[in-house]
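Engineer: Can you keep this structure in mind? I'll have questions shortly.
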Amino acid sequence: MTTKRSYGTPATDVHGNPVLLLSGGNPQIAKADGDAPVQAYIAAMPEWKYELGRRLDEIVEQNVPGVQKAVRWNSPWYGVEGLGWFLNVHCFAKYVKITFLNGSSLSPLPPEGGKDPDARWVNVREGKLDEEQMVEWIRQSAALPGWDGF
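If you want it as structure tokens, here you go:
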């Protein structure tokens, strides 16, 4: 079980082992399916990022009935069975990157894009989460075909 921690107290993974923070403060969580590894990742997010991760997870739960969760490549993934993965979260030193895997189909477009023509993301810095916009993007993204990898 994941333990919630106070800042400065290490979080533990689903096996009770301390979680190592990788470059930029990204928690190292082993590949696994389900809510438990995602909660372990969130519990290990450093500083203000913990509250952002917790709130983002809450928003997804409230707006996507039956959401599927997993950790892949040291990042939480959210998906809908039959549609695929629609959302990925990753910690960096100064922001949390929230990627919509089908983001090029969202309106308005999330602000950042790269080599993958389908993916778009937003880099959220401390105190800068636009919850209203995030809810809208999550609802749109969860209803569209995502990245097939279930």
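Count the sequence shown with my numbering and you get residues -9 to 140, in order. The beta-carbon is built from N, C-alpha and C at its ideal position, and this holds for glycine as well. All values derive from a computational prediction rather than experimental measurement.
What residue range is occupied by the uninterrupted alpha helix (DSSP H) comprising W127?
Structural biologist: One-based indexing of the sequence shown puts residue 127 at position 137. First-last of the alpha helix (DSSP H) with W127: E121 to A132.
Engineer: Please report the residue range of the alpha helix (DSSP H) in which I32 lies.
Structural biologist: Position 42 of the sequence shown holds residue 32. First-last of the alpha helix (DSSP H) with I32: D25 to A34.
Engineer: Between V143 and Y68, is the Cβ-Cβ spacing less than 8 Å?
Structural biologist: Given a span of -9 to 140 for the chain in the structure shown, any question on residue 143 remains unanswerable.
Engineer: Quick check on the burial criterion: 16 or more other C-beta atoms within 10 angstroms. Buried or exposed for Q29?
Structural biologist: One-based indexing of the sequence shown puts residue 29 at position 39. So Q29 counts as buried.
Engineer: Counting only the same chain and skipping the five closest in sequence on each side, list residues whose C-beta sits under 6 Å from that of D23.
Structural biologist: Residue numbering aside, residue 23 sits at position 33 when the sequence shown is read from its first letter. Excluding positions up to five away in sequence, the list reads A60.
Engineer: Within the segment 34 to 118, note down every full beta strand (DSSP E) run reaching 3 residues or more, in order along the chain.
Structural biologist: Given a length threshold of 3 residues, each whole run of the beta strand (DSSP E) inside the segment 34 to 118 is given here in chain order: 58 to 62, 65 to 70, 74 to 81, 86 to 90 and 110 to 114.
Engineer: Run through the DSSP bridge pairs and tell me what L12 is partnered with.
Structural biologist: One-based indexing of the sequence shown puts residue 12 at position 22. DSSP, once it has assigned bridges, lists no residue as partnering L12.
Engineer: Using the Cα positions of T89 and L10, report the straight-line distance between them to the nearest angstrom.
Structural biologist: The residue given as residue 89 occupies position 99 in the sequence shown. The residue given as residue 10 occupies position 20 in the sequence shown. About 23 Å.
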